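Numbering (this note's numbering), first residue to last: 48 to 251.
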Ligand SMILES: N[C@@H](CCC(=O)N[C@@H](CS)C(=O)NCC(=O)O)C(=O)O
């Protein structure tokens, strides 16, 4: 297999790197530079016609092109330590939190990135900066939802560190990169961020 990876601050490939670090796994990796436009190059488009990273090419020619699906594949191959939950309720809760991060927080963060950031101005045409600005407040408000959820518990699903924490960590760090920092008053979210950032996997 071959994992196509891109460097930080790209949040989605980082999910896979953190996941693999938590599992203690190493897989053969090819680097795709997004700033250099390699993700839109002819060679990479043959691997993933969407022109996005990460991708995982399997030995039978199948290519997985969603970060969470790639992590699910690795989880099935190497179940320990479990990062998608244990048992019906826990698995459902990890999935629920993961989806909430993706759909409630990553979407407005992504809209700020696509519609207000000078870096994306080169490729997102037209940009709608006024719309992008409205998503700033939305993203900060949704951070408050996670702050309340984390009040009094160590990790998002309440039992153990999971995929949901990985997706939230990569989203919060990417948000900070584009100027959306977690407000001081969100103490539980900030304490959680310190906790998960202290794990060796967060260096990925
Ligand atoms: N849903 C995909 C999203 C992948 C994605 O958006 N990757 C970004 C890097 S974080 C990318 O390749 N962006 C370049 C582009 O869309 O042109 C996943 O989670 O794997």
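We put the CB at the ideal spot given by N, CA and C, even for glycine.
Predicted, not measured: the structure shown is a model, and the values here were computed from it.
Residues bridged to residue i (per DSSP)
i           : result
residue 78  : 52
residue 104 : 49 and 110
Distance between beta carbons of residue j and residue i, contact taken as under 8 Å
i           : j           : result
residue 61  : residue 217 : 5 Å
residue 213 : residue 65  : 5 Å
residue 59  : residue 114 : 4 Å
residue 252 : residue 101 : As displayed, the chain neither begins before 48 nor continues past 251, which places residue 252 out of reach and without an answer.
residue 141 : residue 190 : Not confirmed; about 20 Å, so no contact.
residue 86  : residue 99  : 6 Å
Beta-carbon proximity check, residue i vs residue j, cutoff 8 Å
i           : j           : result
residue 210 : residue 131 : yes
residue 48  : residue 125 : no
residue 110 : residue 95  : yes
residue 81  : residue 104 : no
residue 257 : residue 251 : Outside the shown range of the chain, which is 48 to 251, sits residue 257, and nothing can be said about it.
residue 162 : residue 148 : no
residue 236 : residue 194 : yes
residue 192 : residue 242 : no
residue 97  : residue 112 : yes
residue 196 : residue 152 : no
residue 222 : residue 156 : yes
residue 137 : residue 246 : no
Contact test: residue i Cβ vs ligand 3 heavy atom, cutoff 7 Å
i           : result
residue 113 : You won't find ligand 3 in this model; what it holds is ligand 1.
Endpoints, the alpha helix (DSSP H) within which residue i is located
i           : result
residue 137 : 135-147
residue 69  : 58-70
residue 171 : From DSSP, residue 171 is part of no alpha helix (DSSP H); its letter is neither H nor E.
residue 157 : 154-163
residue 217 : 210-224
residue 229 : Run containing residue 229: none; DSSP gives neither H nor E here.
residue 92  : 89-94
Status (buried if at least 16 other CB within 10 Å, exposed otherwise) for residue i
i           : result
residue 159 : buried
residue 165 : exposed
residue 244 : exposed
residue 108 : exposed
residue 215 : buried
residue 143 : exposed
residue 134 : exposed
residue 227 : buried
residue 179 : buried
residue 184 : exposed
residue 70  : buried
residue 240 : buried
residue 139 : exposed
residue 249 : buried
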